[in-house]
Amino acid sequence: MVEAHHQVSSVAQVIQLAVAPVFLLAGVGALLAVLTNRLGRVIDRFHVLDKALPAGSTEVESAGDLATKISLSRRAKLIHWAIILCTVCDLLVCLVVVALFVGAELRIDLSSTIAVLFVAAMASLIAGLACFLREIALATSFIENLHASRTTNREKS
């Protein structure tokens, strides 16, 4: 009876240890939802631009559309990398949770493995967030440049 109580207590402790990584999974999952939504919008905008330019467009219109497409392509690549890195983070966090339970069940010390997996997960998350920040900076700078060029064109007219 004491052995069963000890096993339940041990599992309860492991569950307590696993709660923080599970919250991290939820947070990164929400971030992945934001990233996939942004990627979808970038792709949709690219398709709209691809279909919208008529055959008899001026050079200025064609150049503007090309610049927009290049910007959208760069943004899509950054979002793609952010999604990959955040997904890797989630996978590593899942491995942390698995290692916690396997270590407790088999009574082996996996603390070094768990630490390495968690540090790798954080590094992956940091890199994914850096890609996300760069994508936002690209989107913002493109809007500012577009606004500045339209303002300049209106002043010339």
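Counting in the working numbering, the sequence shown runs from 731 upward without gaps. The beta-carbon is built from N, C-alpha and C at its ideal position, and this holds for glycine as well.
query = Looking at L765 and D820, is the spacing between their C-beta atoms short of 8 Å?
reply = no
query = CA-CA distance, A806 and I838?
reply = 44 Å
ask   = Helix, strand or coil: which one does DSSP assign to L840?
value = Correct three-state label for L840: coil.
query = So, is V749 buried or exposed, given that buried needs 16 or more other C-beta atoms within 10 angstroms?
reply = exposed
From S879, I814, V828 and V832, residue whose alpha carbon lies closest to that of G858 = I814
query = Leaving out the 5 sequence neighbours to the left and right, which residues in its chain are closer than 7 Å to L802 when beta-carbon positions are compared?
reply = V772, R775 and F776
query = Is the segment 823–841 in contact with the segment 858–867, if contact means three or more CB pairs nearer than 8 Å?
reply = Short answer: they don't touch.
ask   = If you drop the 5 nearest sequence neighbours on each side, which residues of the same chain put their C-beta closer than 6 Å to that of L830?
value = V744, L747 and A748
request  = State the Cα-Cα distance for the pair F753 and T798, rounded to the nearest angstrom.
outcome  = 38 Å
key: Three-state class that DSSP yields for T788 in the structure shown   = coil
ask   = How about P751 and V827: are their beta carbons less than 8 Å apart?
value = It is a contact, given that the beta carbons lie within the stated cut-off.
request  = Return yes when the Cβ of L769 is within less than 8 Å of the Cβ of I809, no when it is not.
outcome  = Yes, Cβ-Cβ distance for I809 and L769 is below 8 Å.
message = Whole angstroms are fine: how far does the CA of A853 sit from the CA of C824?
response = 15 Å
query = My guess is that L847 and L876 are in contact by the Cβ rule of under 8 Å, so how many angstroms apart are they, rounded?
reply = Contact flag wrong, Cβ pair sits at about 43 Å.
key: Neighbourhood of A851 by C-beta distance below 6 Å, restricted to the same chain and skipping five residues each side   = C819, L822 and V823
key: Supposed close pair A793, C861 - CB separation, criterion 8 Å   = About 28 Å; that fails the 8 Å criterion.
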